[in-house]
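Notes to accompany the following structure.
Number of protein chains: 4
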Amino acid sequence: MVLLEFSMTPLDKGESVSQYVGRSLEIIDASGLDYRLNPMGTVLEGEWDEVMAVVRQCFEKMQSDCGRITCSIKIDYRKGGKGRLDSKIASIESKLGKKLKT
Amino acid sequence: MVLLEFSMTPLDKGESVSQYVGRSLEIIDASGLDYRLNPMGTVLEGEWDEVMAVVRQCFEKMQSDCGRITCSIKIDYRKGGKGRLDSKIASIESKLGKKLKT
Amino acid sequence: MVLLEFSMTPLDKGESVSQYVGRSLEIIDASGLDYRLNPMGTVLEGEWDEVMAVVRQCFEKMQSDCGRITCSIKIDYRKGGKGRLDSKIASIESKLGKKLKT
Amino acid sequence: MVLLEFSMTPLDKGESVSQYVGRSLEIIDASGLDYRLNPMGTVLEGEWDEVMAVVRQCFEKMQSDCGRITCSIKIDYRKGGKGRLDSKIASIESKLGKKLKT
Numbered sequence: 013m014v015l016l017e018f019s020m021t022p023l024d025k026g027e028s029v030s031q032y033v034g035r036s037l038e039i040i041d042a043s044g045l046d047y048r049l050n051p052m053g054t055v056l057e058g059e060w061d062e063v064m065a066v067v068r069q070c071f072e073k074m075q076s077d078c079g080r081i082t083c084s085i086k087i088d089y090r091k092g093g094k095g096r097l098d099s100k101i102a103s104i105e106s107k108l109g110k111k112l113k114t
Numbered sequence: 013m014v015l016l017e018f019s020m021t022p023l024d025k026g027e028s029v030s031q032y033v034g035r036s037l038e039i040i041d042a043s044g045l046d047y048r049l050n051p052m053g054t055v056l057e058g059e060w061d062e063v064m065a066v067v068r069q070c071f072e073k074m075q076s077d078c079g080r081i082t083c084s085i086k087i088d089y090r091k092g093g094k095g096r097l098d099s100k101i102a103s104i105e106s107k108l109g110k111k112l113k114t
Numbered sequence: 013m014v015l016l017e018f019s020m021t022p023l024d025k026g027e028s029v030s031q032y033v034g035r036s037l038e039i040i041d042a043s044g045l046d047y048r049l050n051p052m053g054t055v056l057e058g059e060w061d062e063v064m065a066v067v068r069q070c071f072e073k074m075q076s077d078c079g080r081i082t083c084s085i086k087i088d089y090r091k092g093g094k095g096r097l098d099s100k101i102a103s104i105e106s107k108l109g110k111k112l113k114t
Numbered sequence: 013m014v015l016l017e018f019s020m021t022p023l024d025k026g027e028s029v030s031q032y033v034g035r036s037l038e039i040i041d042a043s044g045l046d047y048r049l050n051p052m053g054t055v056l057e058g059e060w061d062e063v064m065a066v067v068r069q070c071f072e073k074m075q076s077d078c079g080r081i082t083c084s085i086k087i088d089y090r091k092g093g094k095g096r097l098d099s100k101i102a103s104i105e106s107k108l109g110k111k112l113k114t
């Protein structure tokens, strides 16, 4: 299982792009994969092919009406890791002995 | 104001690095800046110099006992934008007319 | 066509990882796609599925003997863009009227 | 010493942004730091404060006439590492026993 965080943004639609980001979130939310949206991107959890398929779907949608797109992806693979959307944060809070802002 | 997401990881400490990430979170939590921790990084909000000072402090701490460090940073600047740790997510949820997983 | 830059690093193999990066470069070099290696990653040019297939191959190889892997990917899509491994740099040099360090 | 790769792009200037990237490269080229431009970003070598000062200068320039800016930064610190703009690539080529496309 991997955690994959990504953000995808059109460069040719001006500075307000939440309409396009919203369409991606519809795809993500309907994908069946577990995810967490944050102010700078969305983190998906799943097998490599599963999470990449979702990113590809978002790209195809955005490509349909955007002439230039920038996308950044960060992947964290850990053998046997599962449920890490929650456990990574819990592990840090446990080490510090307090709740953090999430 | 900018949003800055970053993650910082030692490469020479084996696959369990939450101890080192925990130290960064202590610095972040004590910085006085608003932030949100997510499974892949932490998003800070503030002026350029403010957020960069926090990242630098985390680096200095990690550099004190790590021989190799990888760090990725993503910045989103918007003129006049403030309170965007919450408003960016709210804007997408409002466009979709539903709550998303955060 | 997209430009895709990526770097992929094991977290559990100590601070010298060029052996693992070397294996990825063998895969990239044999892929038939055009690419440019730089000190922080490799930039591939091709269709989405082509470049992603190469990244996936590198991941599968690394996953075979690494317990934790971090990977960052950045994509720049431009409609109709081709030959951009060279033309993006040429365009900037042309604007500045001088050669830059590449 | 660190290697720092970054790219900085306005979101509100349409899909052709090489004019803005060109201004950043002027700042980089005049900084006195060693660097390498690639199709997806520029890699600087120097101490943390030195390379960050250059990124900040590029941001201040872009902020002067752009309403929204996205910036991604990747840092690779290695204790005692110097001259790594060339040596990282040389190390991989040496391992593979052949020249790669750079």
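Chains as they are written, first to last, in this note's numbering: chain A, 13 to 114; chain B, 13 to 114; chain C, 13 to 114; chain D, 13 to 114.
Each residue gets a CB set at the ideal place from its N, CA and C atoms; glycine is no exception.
Given the structure is predicted, the values throughout are model-derived calculations rather than measurements.
### Query
Between Val33(B) and Ser106(C), what straight-line distance do the alpha-carbon atoms span, to the nearest angstrom?
44 Å
### Task
Would you check if the distance between the CB atom of Cys83(D) and the CB atom of Ser36(D) is smaller than 7 Å?
In this structure, Ser36(D) does not lie closer than 7 Å to Cys83(D) by Cβ.
### Task
Mark Glu72(A) as exposed unless 16 or more other C-beta atoms lie within 10 angstroms of its C-beta, in which case mark it buried.
exposed
### Pairwise C-alpha distance: Gly44(A) and Leu45(B)
35 Å
### Task
Figure out for me which residue from Asp98(A), Gly109(A), Met52(A) has the closest Cα to the Cα of Ile101(B).
Met52(A)
### Task
Could you pull the start and end residues of the beta strand (DSSP E) that Ser84(B) belongs to?
80-90
### Neighbourhood of Gly109(A) by C-beta distance below 7 Å, restricted to the same chain and skipping five residues each side
none
### Query
Within 6 Å: the Cβ of Leu108(D) and any heavy atom of the ligand GDP?
For the structure depicted, the ligand GDP is absent and the ligand set is empty, with no information on it obtainable.
### Task
With 8 Å as the limit, tell me which residues of the region 80-96 of chain A have their beta carbon closer than that to any beta carbon of chain D; keep them in chain order.
Arg80, Thr82, Ser84
### Interfacial residues, the region 31-57 of chain A to chain B, with Cβ spacing under 7 Å
Only Gln31, Val33, Gly34, Leu37, Glu38, Asp41, Tyr47, Arg48, Leu49, Asn50, Pro51, Met52, Val55 from the region 31-57 of chain A bring a Cβ to less than 7 Å from some Cβ of chain B.
### Query
By the criterion of Cβ-Cβ separation under 9 Å, what are the contact partners of Gln75(A) in chain C?
Trp60, Tyr89, Lys91
### Query
Does Glu27(A) come within less than 7 Å of chain D when only Cβ atoms are used?
yes
### Task
Give a yes or no on contact between the region 23-31 of chain A and the region 57-69 of chain A, applying the rule of three or more CB pairs nearer than 8 Å.
Cβ pair count under 8 Å is below three, so no.
### Query
Out of curiosity, what's the CA-to-CA distance linking Leu49(A) and Leu15(B)?
15 Å
### Message
For Ser19(A), report the span of its beta strand (DSSP E) as first-last.
### Response
14-22
### Message
Comparing C-alpha positions only, which one of Glu59(B), Thr54(B), Gly93(B), Pro22(B) sits nearest to Asp77(B)?
### Response
Pro22(B)
### 8 Å Cβ cut-off: residues of chain D touching Leu3(A)
An answer regarding residue 3(A) cannot be provided, because it is not within the stretch 13 to 114 covered by chain A.
### Query
Per DSSP, which one or two residues make a beta bridge with Arg48(B)?
DSSP lists Val55(B) as the bridge partner or partners of Arg48(B).
### Query
Of all the options Thr114(A), Glu62(A), Met74(A), Met64(A), which has the alpha carbon lying nearest to the alpha carbon of Asp98(A)?
Thr114(A)
### Message
Less than 7 Å between C-beta atoms, sequence neighbours within five positions excluded: which residues of the same chain meet that for Lys25(D)?
### Response
By the criterion of a C-beta distance shorter than 7 Å, Lys25(D) is surrounded in its chain by Tyr32, Cys78, once the five residues flanking it on both sides are discounted.
### Task
Taking only the alpha-carbon atoms, compute the straight-line gap between Glu62(B) and Ile87(A) and give it to the nearest angstrom.
Distance between the alpha carbons of Glu62(B) and Ile87(A): 27 Å.
#### Entry: Pair within 7 Å by beta-carbon distance, Thr54(B) and Ile40(B)
yes
### Task
To the nearest angstrom, report how far apart Gln75(D) and Lys111(B) are at their CA atoms.
33 Å
### Message
Any beta carbon of chain D sitting closer than 7 Å to that of Thr114(C)?
### Response
yes
### Query
Residues in its own chain within less than 6 Å of Gly58(B) by CB, not counting five upstream and five downstream?
Leu45
### Query
Under a three-way DSSP split, which group does Ser76(C) fall into?
In the displayed model, Ser76(C) falls within coil according to three-state DSSP, outside both helix and strand.
### Message
Against Leu23(B), what residues of chain C qualify as contacts under a CB-to-CB distance less than 8 Å, listed in chain order?
### Response
Thr21, Leu23, Gly26, Glu27, Val29
### Task
In the DSSP assignment, find the unbroken alpha helix (DSSP H) run with Ser30(C) in it and report its ends.
30-41
### Query
Is Glu62(D) helix, strand or coil by DSSP?
helix
### Message
So, at 6 Å on beta carbons, what are the nonlocal neighbours of Arg96(C) in its own chain, with the 5 sequence-adjacent residues on each side left out?
### Response
The residues Leu15, in chain order, have a CB closer than 6 Å to that of Arg96(C) in the same chain once the five nearest residues on each side in sequence are set aside.
### Query
Just curious, the alpha helix (DSSP H) that Glu105(D) is in, first and last residue?
96-108
### Query
Relative to the C-alpha of Arg90(B), which residue among Met64(B), Trp60(B), Ile104(B) is closest?
Checking every option, the nearest Cα to that of Arg90(B) belongs to Trp60(B).
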